[in-house]
Amino acid sequence: MRKWKIGLLGAVVMSGVMLAPVFMTGATSGAVSDRTPAVRDPIVEADPDYIAFQVGNSYGVKEHARYALGGSVKPFVDESSRVQVPLRAAGEGIGLTVTFDEGTQLATLTDGKLTATLTVGIPQMTVGEEIIDLPTAPVVQDGSTYIPARALENIGGWSLEYLPDDKGGYIIFKTSPDADVTAEVSNLLGASTTQYLAGGLLVRSGSDKALAHGTEVSFSGMATFDDDTSLYFPLVESVEAMGGTVAVTGGKAEVQLGDRTASLDIEKNTATVDRSPEAGENFALHELESVIYVSDDLLAALLGMHKTVLGDGVIAFTVAALDGYPDQEEALRARGAALAEQKPKVSVPEAEHYVALTFDDGPTGQSEGLTARLLTALNERGAHATFFMCGYRVKDFHAVLDRYLEEGHEMGNHTMDHKSLTKLSVSGIHEQVDGNSELIESYAGEKPTVMRPTGGAYNDTVKAEMEKSGLPIILWSLDTLDWQSRDAASVERKILNNVQDGDIILMHDLYESTYTGVLNAVDKLKDQGYAFVTVSELAAIKGVTLEPGKVYTSFR
């Protein structure tokens with residue numbers, strides 16, 4: 002890129018803002034470039050002494066006050082990882098006259114002496130008689146023109162300070178590089194959405210998911226719910242999601258979250274938070290299926306956070322106050338509204354005996370193929386199963402993936418390419434397993450909850466890495482050998498002659514013989530008092546909590 006000494010306005014085009022270095026340093030403009038900005042006399046009087054913007058915010062700061070940028074104007078990060086600022090707001094903010102010709106898409110900036118022109122879509126700028134290369138082209142978005150933030154750096158002594166999103170996402174143009182105005186800018190524009198999420202909890206009524214510290218967590222099927230006055234949250238799951246602990250004994254719950262403590266008397270419906278009694282009307286308690294739910298006001302007190310009701314059933318608990326920052330409120334509302342609705346709980350039938358049907362190496366066929374027909378047949382019989390899928394099969398036969406969870410089945414991971422994990426490096430193990438989980442999620446909306454290693458082969462390394470991946474290792478106690486016999490009568494006989502309560506039965510949804518044999522066995526075993534459930538359901542029925550990295554062969 003060429004640099005020209007053609008007057009003060011020429012400094013407009015020095016470079017574009019590349020975000021990667023800034024994210025690493027979180028420092029001022031000097032950390033974003035290897036050059037030392039020249040010290041220049043101001044083109045215009047230093048009034049105001051700074052102007053500021055924020056990525057994703059429709060407000061800016063000028064003369065130490067917040068003002069609306071107008072319309073849908075918001076600074077943003079483009080596809081080349083450069084910060085783009087609104088041409089008119091930024092140019093006029095530092096005292097330049099800015100015009101834009103809609104017909105020619107030509108922008109003009111002038112201080113009355115020198116004139117600069119830029120054309121949308123062209124990475125160049127003309128200053129006087131000189132043409133200067135830009136690192137990226139001006140763009141028009143939602144009817145407004147934007148230019149790289151760095152393009153305005155050091156016009157007449159103005160310097161740029163950019164703070165990445167995790168530090169506020171602020172874009173500050175200052176007359177004095179050493180001036181520290183971040184606190185005032187933060188107060189006027191608010192923290193970034195990323196900052197609010199990083200320290201807070203975002204929930205939605207009807208969802209059993211939440212965003213805790215910016216990461217989606219599950220409340221283990223326990224959805225938040227509302228009544229006429231409050232939104233209610235599962236106490237243990239909410240506090241643990243934020244890094245705290247809850248001990249429930251004898252009708253009382255003791256909460257520890259950092260240096261905050263609380264005591265809840267469930268029977269008396271009272272609470273003491275950091276030795277300060279909470280008013281009874283603020284402490285609402287519901288106990289559903291032995292799960293303790295607390296009201297939004299009480300949870301805010303337990304967390305020591307600000308509560309903001311955002312609409313659409315979304316509530317944000319944040320370290321810093323959110324009220325008064327409409328762009329952040331809307332961004333958080335949208336994030337919360339996207340949290341998945343709780344899926345209807347699948348009822349487990351009462352039975353004398355329970356077994357888990359499992360199928361490996363699928364799926365097979367499209368919407369009318371073998372796996373699809375098997376799902377339909379199981380549904381007709383009220384039977385659930387666990388399907389351990391291979392990624393290379395999912396790529397070809399993914400038409401049925403939206404049916405598994407909807408019809409009460411469980412998704413399992415059987416590696417991407419059916420490779421033996423004991424022969425792979427640690428990175429290879431994660432490529433096979435985590436890559437497959439992500440692939441399945443892309444089609445089904447959720448990741449598998451259990452895994453089965455190829456051939457049932459595992460070692461200490463596999464166990465350790467599956468613990469990191471959050472997946473219990475599921476083997477089997479009854480092998481039908483359906484892959485070997487390819488005979489329906491043999492599959493049926495293997496099951497009927499060997500099945501016991503708590504068994505995990507191994508099959509493959511690859512063969513017509515398996516389809517026929519297992520359905521015949523299911524029909525006969527139902528008459529003997531058997532019910533057919535997923536692996537996780539079977540574990541719960543038998544009082545076993547599945548743990549990532551642990552190996553399970555049956556629940557007899």
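FYI, in my numbering the residues of the sequence shown are 2 to 557. Glycine included, C-beta positions come from ideal geometry on N, C-alpha and C.
Does residue i pass the burial test, meaning 16 or more other C-beta atoms within 10 Å, or should it be called exposed?
{"i": "Ile-132", "result": "exposed"}
{"i": "Ile-475", "result": "buried"}
{"i": "Asp-504", "result": "buried"}
{"i": "Lys-175", "result": "buried"}
{"i": "Gln-501", "result": "exposed"}
{"i": "Arg-557", "result": "exposed"}
{"i": "Thr-105", "result": "exposed"}
{"i": "Glu-282", "result": "With a pLDDT of only 46 at Glu-282, under 50, the local geometry of the prediction cannot be trusted, and no value is derived from it."}
{"i": "Asn-270", "result": "exposed"}
{"i": "Arg-205", "result": "buried"}
{"i": "Gly-518", "result": "buried"}
{"i": "Asp-166", "result": "buried"}
{"i": "Ala-335", "result": "exposed"}
Taking the beta strand (DSSP E) that residue i falls in, what are its first and last residues?
{"i": "Lys-210", "result": "210 to 213"}
{"i": "Ser-160", "result": "160 to 163"}
{"i": "Leu-358", "result": "354 to 363"}
{"i": "Thr-109", "result": "107 to 111"}
{"i": "Glu-447", "result": "Element bounds for Glu-447: n/a, residue is neither H nor E."}
{"i": "Lys-525", "result": "No beta strand (DSSP E) holds Lys-525; the alpha helix (DSSP H) holding it covers 513 to 527."}
{"i": "Asn-58", "result": "Counting along the chain, Asn-58 falls outside any beta strand (DSSP E), and DSSP gives it neither H nor E."}
{"i": "Lys-308", "result": "307 to 312"}
{"i": "Ala-199", "result": "Looking at the DSSP string, Ala-199 is not in any beta strand (DSSP E); the run it does join, the alpha helix (DSSP H), is 194 to 200."}
{"i": "Thr-455", "result": "Per DSSP, Thr-455 belongs to no beta strand (DSSP E) and is neither H nor E."}
{"i": "Ser-296", "result": "292 to 296"}
{"i": "Asp-102", "result": "98 to 102"}
{"i": "Tyr-531", "result": "531 to 534"}
{"i": "Gly-413", "result": "411 to 414"}
{"i": "Arg-67", "result": "66 to 69"}
{"i": "Leu-425", "result": "Segment: none, Leu-425 is in no beta strand (DSSP E) and carries neither H nor E."}
According to DSSP, simplified to helix, strand and coil, what is residue i?
{"i": "Asn-270", "result": "coil"}
{"i": "Val-492", "result": "helix"}
{"i": "Asp-227", "result": "strand"}
{"i": "Gly-245", "result": "coil"}
{"i": "Asp-134", "result": "strand"}
{"i": "Ser-438", "result": "helix"}
{"i": "Lys-4", "result": "With a pLDDT of only 28 at Lys-4, under the threshold of 50, the placement of this residue in the model should not be trusted, and no figure is reported."}
{"i": "Leu-406", "result": "coil"}
{"i": "Leu-472", "result": "coil"}
{"i": "Asp-143", "result": "coil"}
{"i": "Lys-253", "result": "strand"}
{"i": "Ile-542", "result": "helix"}
{"i": "Pro-417", "result": "For clarity, residue 417 is Met in the given sequence; the question names Pro instead. In this structure, Met-417 counts as coil in the three-state DSSP scheme."}
Below 6 angstroms CB to CB, which residues in the same chain sit around residue i once its five sequence neighbours on both sides are set aside?
{"i": "Ala-400", "result": "Gln-367, Ser-368"}
{"i": "Thr-98", "result": "Thr-111"}
{"i": "Gln-433", "result": "Thr-416, Met-417, Lys-420"}
{"i": "Val-310", "result": "Ile-316"}
{"i": "Thr-100", "result": "Thr-109"}
{"i": "Lys-396", "result": "none"}
{"i": "Ala-489", "result": "Ser-514, Thr-517, Gly-518"}
With 8 angstroms as the threshold, decide whether the Cβ of residue i is near any Cβ in chain D.
{"i": "Tyr-68", "result": "Of the protein chains in the structure, only one exists, and it is not chain D."}
Taking 8 angstroms as the cut-off, decide whether the C-beta atoms of residue i and residue j are in contact.
{"i": "Ala-465", "j": "Gly-550", "result": "yes"}
{"i": "Ile-506", "j": "Val-356", "result": "yes"}
{"i": "Leu-232", "j": "Gly-244", "result": "no"}
{"i": "Lys-448", "j": "Leu-340", "result": "no"}
{"i": "Asp-418", "j": "Tyr-444", "result": "no"}
{"i": "Val-249", "j": "Glu-241", "result": "no"}
{"i": "Ala-384", "j": "Phe-360", "result": "no"}
{"i": "Asn-58", "j": "Leu-190", "result": "yes"}
{"i": "Leu-88", "j": "Ile-148", "result": "yes"}
{"i": "Leu-115", "j": "Met-126", "result": "no"}
{"i": "Gly-94", "j": "Ile-123", "result": "no"}
Among the residues of its own chain, which have a CB less than 7 angstroms from the CB of residue i, if the five just before and after it don't count?
{"i": "Glu-353", "result": "Gly-530"}
{"i": "Ser-537", "result": "Glu-411, Thr-450, Val-451, Leu-547"}
{"i": "Thr-481", "result": "Val-492, Lys-495, Ile-496, Ile-506, Leu-507, Met-508"}
{"i": "Ser-555", "result": "Ser-478, Gly-503, Asp-504, Ile-505"}
Alpha helix (DSSP H) containing residue i: first to last residue?
{"i": "Glu-217", "result": "Not the alpha helix (DSSP H): Glu-217 falls in the beta strand (DSSP E), residues 216 to 219."}
{"i": "Ser-486", "result": "483 to 486"}
{"i": "Pro-327", "result": "327 to 338"}
{"i": "Val-186", "result": "183 to 190"}
{"i": "Ala-322", "result": "Note, Ala-322: premise wrong, no alpha helix (DSSP H); not H, not E."}
{"i": "Leu-375", "result": "371 to 381"}
{"i": "Lys-396", "result": "392 to 397"}
By Cβ distance below 8 angstroms, which residues in the same chain neighbour residue i in space, the five residues on each side in sequence not counted?
{"i": "Thr-365", "result": "Leu-371, Thr-372, Arg-394, Phe-398, Asp-510, Leu-511"}
{"i": "Gly-144", "result": "Gly-72, Ser-73"}
{"i": "Ser-187", "result": "Gly-169, Tyr-171"}
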